[in-house]
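S.K.: Residue numbers (our numbering): 807 to 1010.
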């Protein structure tokens, strides 16, 4: 039975997954690191009291979300073992998620993932369609993700473009000193350099 394949997942969660009632926001329930955390109690927009596991807030990276997603996909794949293409589209989604995580800010990628997840869930529920898991949602990407590309990280070893350092100033040459007219004996009163304007040397 599926229950024996996933002994660490509650039977109610397995049932919710295979009947497509399991929501994206509930993925933390499949992760032993977060599922036993205390509940947050808050008032929803319609005035009702809701309780949400604090673990749902802990998905601060792709790695944190990856494990429960794998469990979710594994349960669905075990439920329909005769359809070989279904695990394939799940892996396509994971590759897509990993790719956009590298390019865009995680907060918007997570939001995109949750909306994407719930849209695919409704397609599986209403029409038994799993195929769109393997297709990036261009409209969602445009609405939530594309405007939030990660800033390029500059390392200390990255060479700077020539001429881009504006902090280096070349001292100006004292024209009066070159013409023998500067009143400063050791130091130019104008702060200019007492060097030859032709060769750059001061020994003349």
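Built from N, CA and C at the ideal position, the CB exists for glycine as well.
Since the structure is predicted, the reported quantities are computational estimates derived from the model, not experimental observations.
(1) For residue 955 and residue 919, what's the separation of their Cα atoms in angstroms?
(2) Answer yes if the stretch 934 to 942 comes into contact with the stretch 887 to 906, meaning at least three C-beta pairs across the two stretches below 8 angstroms, and no otherwise.
(3) Count the other C-beta atoms from every protein chain shown that fall within 10 angstroms of the C-beta of residue 811, then say buried if there are 16 or more, exposed otherwise.
(4) Assuming the contact rule is C-beta atoms closer than 8 angstroms, residue 915 and residue 951 should be a hit. Round their C-beta distance to whole Å, please.
(5) What residue from 888, 923, 874 has the CA that sits closest to residue 815's CA?
(6) Taking the continuous alpha helix (DSSP H) assigned at residue 925, which residues delimit it?
(7) Among 831, 883, 957, 888, whose alpha-carbon lies nearest the alpha-carbon of residue 922?
(8) Quickly, what does DSSP pair residue 955 with across the bridge? List them, please.
(9) Once the 5 residues before and after residue 906 are set aside, which same chain residues still bring their CB inside 7 angstroms of it?
M.R.: Let me spell this out:
(1) Locating residue 955 in the chain shown gives position 149, where the first residue counts as 1. Locating residue 919 in the chain shown gives position 113, where the first residue counts as 1. Each residue's alpha carbon lies about 16 angstroms from the other.
(2) yes
(3) Within the chain shown, the letter at position 5 stands for residue 811. It is exposed - the Cβ of residue 811 has fewer than 16 other Cβ atoms within 10 Å.
(4) What you label residue 915 is simply residue 109 of the chain shown in a count that begins at 1. What you label residue 951 is simply residue 145 of the chain shown in a count that begins at 1. Yes, residue 915 and residue 951 are in contact; Cβ-Cβ is about 6 angstroms, under 8 angstroms.
(5) By one-based count along the chain shown, residue 815 stands at place 9. Comparing Cα positions, the closest option is 874.
(6) The count along the chain shown starts at 1 and reaches residue 925 at position 119. Start and end: 912 to 933.
(7) Start at 1 with the first residue of the chain shown, and residue 922 comes out as number 116. Out of 831, 883, 957, 888, 831 has the C-alpha closest to the C-alpha of residue 922.
(8) By one-based count along the chain shown, residue 955 stands at place 149. Per DSSP, 910.
(9) Residue 906 sits at position 100 when you count from the first residue of the chain shown. For residue 906, where only same-chain residues beyond five positions count, the Cβ hits under 7 angstroms are 915, 951.
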